[in-house]
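Numbering (UniProt numbering), first residue to last: 1 to 356.
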């Protein structure tokens, strides 16, 4: 991060803002690359996920499918034949009904006229009715026979369907086992990629978060967090959520322990710092930190409010550090300012070190 003494100037603020933008953009592009890699890792084991065709008994399935197609062709032919016969039976039945109605009317006319000389006509028309009825009955018998054949074919087709279902069920069980094994492989590969990246990001953050190229460290850290806790989520197997949660718990515990140790180190460093004389303490305070503390009215050494004794205080009421001095022109200046704010004369104080 930036360490020069002009850190509060507009260019420095713009540089800090640009650095944050660079970190975010760097993380976005890394995340795009990571999502593509994580997605394409699905094709790493044996070229992709298993399919049902890989586990079907192909010869047996082909034989059963062929037999089923033959049965279906026979059923279609019988259905067509039955439809044709049904039409013929309907016509024969209608012809018989029409002839029967005509014969009934003829008999009624004969009974009215009392014509008894036409008994041979009665016999002839009766024989004709019997013949028409026999034709209709014959068509019905043929239709019934076809129905029996259809039921036989339907029973055979049901048996074939059951055998095909058994073959498919065996293939489905094998596919499920292979899919579980495949999911474990892919998850292991993705975890082997994202978890080390996350650990490397944590190590980089601990070691180099204040380095000159800190935007890339922060960007890589954002990418690692996103890759492990977001990009990996859609591809987690049933137990993958436990892995993610356990890693999150471990990271939380690690972060908490690290923060507590850092706070203890900070408190110890402050304790030792406050035991030093004013000159050493003043030289150890960076200019940026001193100016920020002035704006907050906090002592740059002990970081407590120095104006409890009034805004005209010269020393910190908590640790005794000199905070203000008076220039030869009479101007009252902040001790860490290099020049008097009234006359511009150098104050002659020992220069402060650059802040971290």
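Just so you know, even glycine gets a beta-carbon here, dropped at the ideal spot from N, CA and C. No experiment lies behind these values; they were computed from the predicted model shown.
- Can you list, in chain order, the residues of its chain whose CB lies under 8 Å from that of residue 309, leaving out five sequence neighbours each side? The residue labelled residue 309 in the question sits at position 309 within the chain shown. Excluding positions up to five away in sequence, the list reads 317.
- Starting from the C-beta of residue 229, find all residues in its chain whose C-beta is less than 8 Å away, skip the five residues before and the five after it, and write them out in chain order. Locating residue 229 in the chain shown gives position 229, counting from the first residue. The residues are 244 and 248.
- Message: I need the boundaries of the beta strand (DSSP E) containing residue 383, first residue and last residue.
- Response: No answer is possible for residue 383: it lies beyond the span of the chain, which begins at 1 and ends at 356.
- Given residue 129 as reference, the closest of 97, 160 and 262 once Cα atoms are compared: Walking along the chain shown from the start, residue 129 turns up at place 129. Closest option to residue 129, Cα to Cα, is 97.
- Message: Suppose contacts are defined by Cβ-Cβ distances below 8 Å. Is residue 224 in contact with residue 217 by that definition?
- Response: Taking the first residue of the chain shown as 1, we reach residue 224 at position 224. Taking the first residue of the chain shown as 1, we reach residue 217 at position 217. Result no, Cβ atoms of residue 224 and residue 217 do not sit closer than 8 Å.
- Task: Measure the C-alpha to C-alpha separation of residue 86 and residue 150 and round it to an integer number of angstroms.
- Result: One-based indexing of the chain shown puts residue 86 at position 86. One-based indexing of the chain shown puts residue 150 at position 150. Between residue 86 and residue 150, the C-alpha separation is close to 15 Å.
- Message: Relative to the C-alpha of residue 358, which candidate in 214, 191 and 90 has its C-alpha closest?
- Response: Residue 358 lies beyond the residue range present for the chain, which begins at 1 and ends at 356; the question has no answer from this structure.
- Item | Inter-residue Cα distance where the pair is residue 144 and residue 93 | Taking the first residue of the chain shown as position 1, residue 144 is located at position 144. Taking the first residue of the chain shown as position 1, residue 93 is located at position 93. Their Cα atoms are separated by approximately 16 Å.
- Please confirm whether residue 281 and residue 313 have their CB atoms less than 8 Å apart. Translated into the one-based positions of the chain shown, residue 281 becomes position 281. Translated into the one-based positions of the chain shown, residue 313 becomes position 313. Contact: no.
- Task: To the nearest angstrom, report how far apart residue 158 and residue 241 are at their CA atoms.
- Result: Sequence index remark: in the chain shown, residue 158 carries index 158 (1-based). Sequence index remark: in the chain shown, residue 241 carries index 241 (1-based). Taking the straight line joining both Cα atoms gives about 44 Å.
- Count the other CB atoms, across all protein chains shown, that sit within 10 Å of the CB of residue 266; report buried if there are 16 or more and exposed otherwise. Taking the first residue of the chain shown as position 1, residue 266 is located at position 266. Classification for residue 266: exposed.
- Item | Per-residue burial, residue 293 [other beta carbons within 10 Å of its own, 16 or more giving buried] | By 1-based counting over the chain shown, the position of residue 293 is 293. Counting Cβ neighbours within 10 Å, residue 293 comes out buried, since at least 16 surround it.
- Item | Coarse secondary structure for residue 305, derived from DSSP in three states | The residue you call residue 305 lines up with position 305 of the chain shown. Assigned with DSSP and collapsed to three states, residue 305 falls in strand.
- Proximity winner among 338, 258 and 264, relative to residue 287 (alpha-carbon distances): As a first step, residue 287 must be located in the chain shown, where it is residue number 287. Residue 287 has its Cα closest to that of 338, out of 338, 258 and 264.
- Item | N- and C-terminal bounds of the beta strand (DSSP E) containing residue 332 | Mapped onto the chain shown, residue 332 falls at position 332. Residue range 332-334 is occupied by the beta strand (DSSP E) that includes residue 332.
- Item | Cβ pair residue 41, residue 189 closer than 8 Å | Counting from 1 along the chain shown, the entry for residue 41 is found at position 41. Counting from 1 along the chain shown, the entry for residue 189 is found at position 189. Going by C-beta atoms, residue 41 is nearer than 8 Å to residue 189.
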